[in-house]
Ligand code: FNR
């Protein structure tokens, strides 16, 4: 059994990244993964600061960390904001990278040794490529193995049909390829 969490870096109503995330979930499940669909609006995460952390570790940050820690693989689907990942996503990644106040969790990494993958949808012509380059670097820094496959959906406002499927064959194929590789690598790393 391979457990994969899918985390979308936008909570916007009608989010294109959420639409892409839904397709990724379908592809991951078709490859036999058990998927945790992580909606960041379900987590009450303050903007990270060391001062805020010193006051008290937020319960939802610990819940997110435990959820990540229970996975074999992580898929991040992020919009590009000014050439980088969304602050919503970076904040969530940062909180879950911190040791909690619970001593038994101090040594627990939410990320180390897991497989990860990245996807983006953007209304611009480059599909969020610059944001994904930053995201890859972040995911390597926290000791995940980022698979080389990725999905970029440029001109996202025209990329999905009424059913939420991708109009173009190439990104649709890349969703399948990325999902397949993520499940395979996550499974291999878990043994
Ligand atoms: C953007 N957007 C954007 N798009 C892009 O391709 N490159 C960029 O650097 C940026 N920068 C940027 C900054 C900020 C602050 C905002 C709010 C937006 C546009 C972005 O791609 C668009 O809003 C997407 O629709 C966001 O993704 P969701 O919410 O549809 O998933």
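Residue numbers (this note's numbering): 231 to 421. Positions of the beta carbon are idealized from the N, C-alpha and C atoms, including for glycine. For clarity, every value in this text was computed on a predicted model and none was experimentally measured.
Is residue 412 closer than 8 Å to residue 305 when the C-beta atoms are compared?
-> The answer is yes: Cβ separation under 8 Å.
Please go through the same chain and pick out, in chain order, the residues whose beta-carbon is closer than 7 Å to the beta-carbon of residue 384, but skip the five residues on each side of it.
-> Excluding positions up to five away in sequence, the list reads 352, 354, 355, 356, 357.
What are the partner residues of residue 380, as DSSP defines its beta bridges?
-> Beta bridge pairing from DSSP links residue 380 with 348.
From 264, 250, 246, pick the residue whose C-alpha is nearest to that of residue 435; which is it?
-> Residue 435 is absent from the model: the chain starts at 231 and stops at 421.
Bridge partners of residue 264, per DSSP?
-> Answer is 233, bridged to residue 264.
Alpha-carbon to alpha-carbon, residue 280 and residue 308 | 25 Å
Compute the beta-carbon to beta-carbon distance between residue 405 and residue 254, rounded to the nearest angstrom, for a pair I have assumed lies under 8 Å.
-> 6 Å
Residue 421: which of 393, 286, 410, 343 sits nearest, CA to CA?
-> 343
Does the beta-carbon distance from residue 370 to residue 318 come in below 8 Å?
-> Between residue 370 and residue 318, the gap from beta carbon to beta carbon reaches 8 Å or more.
Regarding residue 248 and the ligand FNR, is the C-beta to nearest heavy atom distance less than 7 Å?
-> yes
In its own chain, which residues sit with a C-beta less than 7 Å from the C-beta of residue 366, not counting the 5 before and 5 after it?
-> 348, 376
Which word fits residue 327, buried or exposed, when buried means at least 16 other C-beta atoms lie within 10 angstroms of its C-beta?
-> Buried, by the Cβ-count rule.
Residue 338, DSSP secondary structure in three states | coil
Span separating the alpha-carbon of residue 288 from that of residue 399 = In a straight line, the C-alpha of residue 288 is about 43 Å away from that of residue 399.
Quick one: is the Cβ of residue 394 within less than 7 Å of any heavy atom of the ligand FNR?
-> no
Burial state of residue 386, where buried means 16 or more other Cβ atoms lie within 10 Å | buried
Run the proximity test for residue 312: is its beta-carbon closer than 7 Å to any non-hydrogen atom belonging to the ligand FAD?
-> Among the ligands present in this structure, namely the ligand FNR, the ligand FAD is not found.
Whole angstroms is fine: what's the gap from residue 259's alpha carbon to residue 316's?
-> 26 Å
Can you grab the Cα-Cα spacing for the pair residue 382 / residue 350, in whole Å?
-> CA-to-CA, the gap between residue 382 and residue 350 works out to about 5 Å.
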